[in-house]
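Peer 1:
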Amino acid sequence: MSLAVPSGAPLWSRRDAGMLGTLLAVGGVLVLASWFFAAGRADAGDQLVFVSLALIGALVGMAAVVGWIVRGRRALSARRGRLLGTAPPARADAARAVDLVAGPGGRWFHRSDCLLVDGRGWSASPRREHESAGRLACPGCRP
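Residue numbers (this note's numbering): 4 to 146.
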């Protein structure tokens, strides 16, 4: 199954729609048949087989819908990949900022090149000052 879907094509093919409809119909028939056969039984123990059959029918229907959604998400992902491409890898030799900054009363301290700090103008302090103030290292920039 190819993920390469032309951008003007629908997310799901007729085959996908047919498969969804068939599996939903099978699940619905299982649920209706189990209801029909369980309705004539007075004892709850006699109905247990039919309840299990109804659960299988419901699971078949849910699996059909999940498969339908997954197929659509894959097609969208393929389109997004063609449209946006992939992000360039980060340079391994790129210099990382060594200055650590935090906002007044902030819970986290960051590297000065962290995206969460950009444009805030916070002053740099040594790590021990941040840690003694009870701040934690930013989980994003991992100083």
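Every residue gets a Cβ at the ideal spot worked out from N, C-alpha and C, and that includes glycine.
Pull up the distance between the alpha-carbon of residue 138 and that of residue 116, whole angstroms please.
Peer 2: Cα to Cα, the separation comes out at about 18 Å.
Peer 1: Flag this pair as touching only if the segment 100 to 107 and the segment 117 to 128 have three or more C-beta atom pairs under 8 Å; answer yes or no.
Peer 2: The segment 100 to 107 is in contact with the segment 117 to 128.
Peer 1: May I ask which residues mark the beginning and end of the alpha helix (DSSP H) holding residue 111?
Peer 2: Not the alpha helix (DSSP H): residue 111 falls in the beta strand (DSSP E), residues 111 to 114.
Peer 1: On the DSSP bridge list, what partners appear for residue 136?
Peer 2: The partner list for residue 136 (beta bridge, DSSP) is empty, contrary to what the question assumes.
Peer 1: Would you grab the beta carbon distance between residue 71 and residue 23 for me? Rounded to a whole angstrom, and I think it's under 8 Å.
Peer 2: Between residue 23 and residue 71 the Cβ distance is about 5 Å, and since that is below 8 Å, they are a contact.
Peer 1: Between the alpha carbons of residue 28 and residue 145, how many angstroms are there, rounded?
Peer 2: Each residue's Cα considered, the two are about 52 Å apart.
Peer 1: How many whole angstroms separate the CB atoms of residue 20 and residue 38, which I take to be in contact at a CB cut-off of 8 Å?
Peer 2: Actually they do not touch by this definition, with Cβ atoms about 27 Å apart.
Peer 1: For residue 55, name the three-state secondary structure that DSSP assigns.
Peer 2: The answer is helix: DSSP assigns residue 55 an H, G or I state.
Peer 1: Given a threshold of 16 other Cβ atoms within 10 Å of its Cβ, counted over all protein chains shown, does residue 68 qualify as buried or as exposed?
Peer 2: So residue 68 counts as exposed.
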